[in-house]
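Residue numbers (the working numbering): 22 to 103.
Beta carbons are placed, not taken as given, at the ideal position from N, Cα and C, and that holds for glycine.
Reading through the structure tokens given below for one structure.
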């Protein structure tokens, strides 16, 4: 996914101001280059509520990593039959 597609996901979720604030940190952390991130981003943004447009990037990243870990655990549980 490229930056314009990621920006579109933020805009579709009403978070264009967050994308503007996080565009460089997302690139700097290398998240944009990971397929896992780009596949989970839309779900993450639709499930989480970000009422404050001045949310620190570290807080955003922390919540994204929790969300990503939960998805991995669910996939593993589905795989082994729990």
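- Less than 8 Å divides the Cβ of residue 30 from the Cβ of residue 62.
- For the 8 Å CB-CB criterion, residue 65 and residue 88 form a contact.
- If you check the CB distance, residue 81 and residue 43 come in under 8 Å.
- A straight line joining the alpha-carbon of residue 90 with that of residue 96 spans about 10 Å.
- For the options 78, 56 and 84, the alpha carbon positioned closest to that of residue 40 is the one of 78.
- Residue 53 places its beta carbon 8 Å or farther from that of residue 32.
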